[in-house]
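If you read the sequences in order, they're chains A and B.
Per my numbering, the first sequence starts with residue 51, numbered consecutively.
Per my numbering, the second sequence starts with residue 51, numbered consecutively.
The structure appears below as structure tokens.
Protein chains: 2
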Amino acid sequence: MPQSRPRIIPEATVARLAVYLRVLAGLADGGRSHVSSGELASAAGVNPAGLRKDLSYLGPCGVRGVGYSVAGLRDRLTDALGGERSRPCVLIGIGRLGSALADYAGFASRGFEFVGLLDTDPAAVGRRVGGLPVRPVAELEAVVAETQATIGVITTPAEVAQSVCDRLVSVGVRSILNFAPVALTVPAGVDVRKVDLSVELQVLAFLDQQRHGTPPLVAPLRAAQGSAR
Amino acid sequence: MPQSRPRIIPEATVARLAVYLRVLAGLADGGRSHVSSGELASAAGVNPAGLRKDLSYLGPCGVRGVGYSVAGLRDRLTDALGGERSRPCVLIGIGRLGSALADYAGFASRGFEFVGLLDTDPAAVGRRVGGLPVRPVAELEAVVAETQATIGVITTPAEVAQSVCDRLVSVGVRSILNFAPVALTVPAGVDVRKVDLSVELQVLAFLDQQRHGTPPLVAPLRAAQGSAR
DNA sequence: ACGACTTTGTTCAGGCGTTCACAAGCGGTT
DNA sequence: AACCGCTTGTGAACGCCTGAACAAAGTCGT
Ligand SMILES: NC(=O)c1ccc[n+]([C@@H]2O[C@H](COP(=O)([O-])OP(=O)(O)OC[C@H]3O[C@@H](n4cnc5c(N)ncnc54)[C@H](O)[C@@H]3O)[C@@H](O)[C@H]2O)c1
Ligand SMILES: NC(=O)c1ccc[n+]([C@@H]2O[C@H](COP(=O)([O-])OP(=O)(O)OC[C@H]3O[C@@H](n4cnc5c(N)ncnc54)[C@H](O)[C@@H]3O)[C@@H](O)[C@H]2O)c1
């Protein structure tokens with residue numbers, strides 16, 4: 051019996067698996083048939099041992115002495131991360147950021163497809179972005195119902211993000227990606243991931259200050275790696 | 051002796067401090083004079099005890115039995131995160147995403163100011179975005195030198211991100227925020243933070259599948275919190 | 001057919017981060 | 001002036017993740 055491993059996969063590992071998958075897709079396009087953990091790790095910017103540990107959650111998927119089959123590992127990762135099926139997403143708030151996301155081709159290639167664009171601004175409604183018409187936000191519930199969207203992406207102003215989130219949850223959306231700078235409150239069983247660009251910049255500024263601004267204050271800074279973490 | 055605490059601050063804590071700071075700024079605008087850790091934690095979407103521990107890295111900054119002074123804590127956090135001084139940033143790749151970032155007012159209010167917009171496309175060069183003209187990417191080194199920019203934001207296609215990064219590093223930029231889906235390689239002493247939206251969506255899809263798609267495969271999912279993590 | 005080399009998969013230890021729980025301290029009240 | 005309730009600050013335990021070392025296994029060369 052194959053007896054698929056019931057091991058649970060840490061969330062940090064899942065995020066890295068997605069990165070490996072993208073690297074593998076590029077390698078496959080380049081015609082490569084095999085990769086070693088060292089090469090893959092270098093391309094993904096992680097430690098080789100850590101990469102092997104990550105992959106081990108899926109069970110053995112390489113050949114000792116040889117490495118990993120590029121196509122084989124790609125398919126295995128695709129499977130583990132949710133299969134090939136297209137994931138319908140709705141996007142609320144088609145402003146500057148929302149328009150950029152709706153236009154972006156990189157999501158579709160990974161199986162994420164925007165099937166509904168919603169906005170409240172009459173000037174925005176009706177405009178076509180990325181081949182899709184912007185619809186009034188009042189139709190949010192109808193759009194989710196008719197498209198069976200499972201992921202909601204919020205790019206509205208912060209003040210209305212919670213109410214938009216509540217409406218998404220109320221019609222069954224259980225996965226939400228939030229770009230507004232607020233902490234959303236959701237019932238158990240709903241996953242929210244937040245992207246906060248101001249925080250990223252602030253962390254960079256802090257690390258820079260720590261390195262140069264006030265050397266006496268914070269001495270034993272961890273030595274930085276040669277490659278991005 | 052005051053003897054400022056030489057304690058090092060974990061990076062995860064720094065990221066949360068930035069969130070607290072934003073919440074406090076909103077509270078100060080609302081006229082509040084004091085907050086408890088519980089209320090602040092709820093607004094930031096974290097555990098109250100964790101919040102107090104985070105703040106304790108800055109030394110005592112609250113009053114027992116009362117709470118934290120909104121203005122006082124805001125100033126203390128501002129200080130810890132790098133002071134009030136404006137941080138000049140350059141942005142490379144003024145496409146859809148880059149334009150949205152350049153236009154965004156939320157960065158300036160936190161002290162991050164774009165002082166240079168670079169692109170290679172002749173159609174983009176000369177256009178004004180967010181009050182700043184787009185300049186040819188050939189002038190990157192000159193722009194960094196004349197503006198003393200310390201942070202570089204990369205929103206170019208993935209293929210050229212590494213070369214853009216190398217040029218930034220060569221002229222002294224030691225903090226880089228990367229939106230391109232590649233792992234940048236940098237020398238020690240340079241910090242790179244990566245924002246990968248595809249990975250965020252992929253993680254959401256995985257968690258969703260784990261919850262419903264194949265229940266027999268991964269059973270003991272951690273109970274989700276009532277609020278965003 | 002055998003041996004040596006390469007690369008994986010796993011195990012172990014160490015460090016971080018998070019959480020809980022409690023003592024210390026301050027303001028308000030009697 | 002002393003007490004009481006409230007909130008902070010911190011100490012300790014727990015669990016997760018990361019990084020390194022080792023053993024298993026397969027392949028290539030002879
Ligand atoms: N643009 C950036 O670079 C950037 C960076 C970081 C964070 N953010 C955050 O992302 C969000 C969007 O930013 P933006 O720059 O695109 O702003 P924007 O003003 O350009 O776009 C917001 C859009 O949301 C729409 N909207 C307003 N209320 C709505 C509602 N109730 N329902 C549906 N749509 C509604 C508006 O009509 C507008 O089109 C904000 O919360 C912002 O803080 C943006
Ligand atoms: N748009 C999104 O929603 C989104 C989401 C996730 C990731 N990304 C990533 O962000 C990056 C930009 O995405 P986008 O949608 O804005 O793409 P885009 O094509 O709209 O913009 C890219 C810009 O970079 C410029 N450019 C190309 N080569 C350059 C060079 N050598 N130097 C300077 N500028 C150069 C182009 O002229 C263009 O203006 C890509 O790497 C993309 O994968 C974008």
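Ideal placement from N, C-alpha and C gives every residue a C-beta, glycine not left out.
What residues of chain A sit near B/S213, judged by a beta carbon separation below 8 Å? Start at 1 with the first residue of the second sequence, and residue 213 of chain B comes out as number 163. Per Cβ cutoff of 8 Å: no residues; B/S213 is ~15 Å from chain A at best.
Buried or exposed (CB count within 10 angstroms, at least 16 for buried), B/G95: Indexing the second sequence from 1 puts residue 95 of chain B at position 45. Sixteen is the threshold: when 16 or more other Cβ atoms of the shown chains lie within 10 Å of the Cβ of B/G95, as they do, the residue is buried.
Are the beta-carbon atoms of B/I142 and B/T63 separated by less than 7 Å? Locating residue 142 of chain B in the second sequence gives position 92, counting from the first residue. Locating residue 63 of chain B in the second sequence gives position 13, counting from the first residue. Not in contact: B/I142 and B/T63 (Cβ atoms no closer than 7 Å).
At a CB-CB cut-off below 9 Å, which residues of chain A make contact with B/L227? Position 177 of the second sequence holds residue 227 of chain B. Chain order gives the chain A residues near B/L227 as L247, E250, L251, L254, where near means a beta carbon separation below 9 Å.
For B/V194, report the span of its beta strand (DSSP E) as first-last. Position 144 of the second sequence holds residue 194 of chain B. Element bounds for B/V194: not the beta strand (DSSP E) but the alpha helix (DSSP H), 190-197.
Proximity below 7 Å, CB of B/L282 to CB of B/L123: Nothing about residue 282 of chain B can be read from this structure; chain B reaches only from 51 to 279.
If you draw a straight line from the C-alpha of A/R146 to the C-alpha of B/T235, how long is it? Along the first sequence, read from residue 1 onward, the residue named residue 146 of chain A stands at position 96. Along the second sequence, read from residue 1 onward, the residue named residue 235 of chain B stands at position 185. Rounded to the nearest whole angstrom, the CA to CA distance from A/R146 to B/T235 is 30 Å.
Measure the Cβ-Cβ separation of A/A174 and A/V184 and say whether it is below 7 Å. In the first sequence, counting from the first residue as 1, residue 174 of chain A sits at position 124. In the first sequence, counting from the first residue as 1, residue 184 of chain A sits at position 134. Inclusion of A/A174 and A/V184 in the CB contact set at 7 Å is warranted, their separation being smaller than that value.
Drop a sphere of 10 angstroms on the beta-carbon of A/R66, count the other beta-carbons inside from all chains shown, and report buried for 16 or more, exposed for fewer. Taking the first residue of the first sequence as 1, we reach residue 66 of chain A at position 16. Answer is buried; the Cβ neighbour count reaches 16.
Any heavy atom of ligand 1 within a distance shorter than 6 Å of the CB on A/A230? Locating residue 230 of chain A in the first sequence gives position 180, where the first residue counts as 1. Checking the Cβ of A/A230 against ligand 1 gives yes.
In the DSSP assignment, find the alpha helix (DSSP H) that holds B/F229 and state where it starts and stops. Sequence index remark: in the second sequence, residue 229 of chain B carries index 179 (1-based). Looking at the DSSP string, B/F229 is not in any alpha helix (DSSP H), and its letter there is neither H nor E.
State whether the stretch 153-167 of chain B contacts the stretch 107-119 of chain B, with contact taken as three or more CB pairs (one from each stretch) at a distance under 8 Å. Touching, no.
Quick check on this structure: which residue in A/G181, A/Q212, A/V219 has the alpha carbon closest to the alpha carbon of B/A93? The residue labelled residue 93 of chain B in the question sits at position 43 within the second sequence. The residue with the shortest Cα to Cα distance from B/A93 is A/Q212.
With a Cβ-Cβ cutoff of 7 Å, do A/S280 and A/I201 count as a contact? The displayed coordinates of chain A run from 51 to 279. Any statement about residue 280 of chain A would go beyond what the structure contains.
A/D246 beta carbon near ligand 2 (any heavy atom closer than 6 Å): Residue mapping note: residue 246 of chain A aligns to position 196 of the first sequence, counting from 1. Closer than 6 Å to some heavy atom of ligand 2: that does not describe the Cβ of A/D246.
Could you tell me the distance, in whole angstroms, from the CA atom of A/L168 to the CA atom of A/A188? Along the first sequence, read from residue 1 onward, the residue named residue 168 of chain A stands at position 118. Along the first sequence, read from residue 1 onward, the residue named residue 188 of chain A stands at position 138. The straight-line gap from Cα to Cα measures roughly 8 Å.
Per-residue burial, A/D241 [other beta carbons within 10 Å of its own, 16 or more giving buried]: Here residue 241 of chain A corresponds to residue number 191 of the first sequence, with the count starting at 1. The residue in question, A/D241, is buried, as its Cβ has 16 or more Cβ neighbours within 10 Å.
Using a Cβ-Cβ cut-off of less than 7 Å, list which residues of the stretch 193-210 of chain A approach chain B; keep chain order. For the stretch 193-210 of chain A, the residues whose beta carbon sits under 7 Å from a beta carbon of chain B are, in order, T200, I201.
For B/H137, which residues does DSSP report across the bridge? For the purposes of this step, residue 137 of chain B is taken as the residue at position 87 of the second sequence. It should be noted that the sequence gives Arg, not His, for residue 137 of chain B. The partner list for B/R137 (beta bridge, DSSP) reads B/F162.
Tell me, which residues are paired with B/G202 by DSSP? Against the second sequence, residue 202 of chain B aligns to sequence position 152. Paired residue(s): B/V140, B/I226.
With a Cβ-Cβ cutoff of 7 Å, do B/G132 and A/F157 count as a contact? By one-based count along the second sequence, residue 132 of chain B stands at place 82. By one-based count along the first sequence, residue 157 of chain A stands at place 107. Taking 7 Å as the Cβ cut-off, B/G132 and A/F157 do not qualify as a contacting pair.
Could you tell me the boundaries of the alpha helix (DSSP H) in which B/D125 lies? Locating residue 125 of chain B in the second sequence gives position 75, where the first residue counts as 1. Where B/D125 is concerned, the enclosing alpha helix (DSSP H) stretches over 120-130.
Tell me whether the beta-carbon of B/P231 lies closer than 7 Å to the beta-carbon of B/D216. For the purposes of this step, residue 231 of chain B is identified with residue 181 of the second sequence, where counting begins at 1. For the purposes of this step, residue 216 of chain B is identified with residue 166 of the second sequence, where counting begins at 1. Their beta carbons are not under 7 Å apart, which means B/P231 does not touch B/D216 by this criterion.
Between the CA atoms of B/L71 and B/G80 - distance to the nearest angstrom: Position 30 of the second sequence, counted from the start, is the residue given in the question as residue 80 of chain B. Position 21 of the second sequence, counted from the start, is the residue given in the question as residue 71 of chain B. If you take the alpha carbons of B/G80 and B/L71, they lie about 14 Å apart.
Run the CB neighbour count on A/A68, radius 10 Å, all protein chains shown included, and call it buried at 16 or more, exposed below. Working through the first sequence from its first residue, we reach residue 68 of chain A at position 18. A/A68 should be labelled buried.
Using the Cα positions of B/Y154 and A/L251, report the straight-line distance between them to the nearest angstrom. Within the second sequence, the letter at position 104 stands for residue 154 of chain B. Within the first sequence, the letter at position 201 stands for residue 251 of chain A. Distance between the alpha carbons of B/Y154 and A/L251 is about 14 Å.
Is the Cβ of B/G314 closer than 7 Å to any Cβ of chain A? Because chain B here runs from 51 to 279, residue 314 of chain B falls outside it and cannot be looked at.
Where does B/R185 fall in DSSP's three states? The residue labelled residue 185 of chain B in the question sits at position 135 within the second sequence. For B/R185, the secondary structure class from DSSP, reduced to helix, strand or coil, is strand.
At a cut-off of 6 Å, is A/I201 close to ligand 2 when judged by its beta-carbon and the heavy atoms of the ligand? As a first step, residue 201 of chain A must be located in the first sequence, where it is residue number 151. No; taking the cut-off as 6 Å, the Cβ of A/I201 has no heavy atom of ligand 2 nearer than that.
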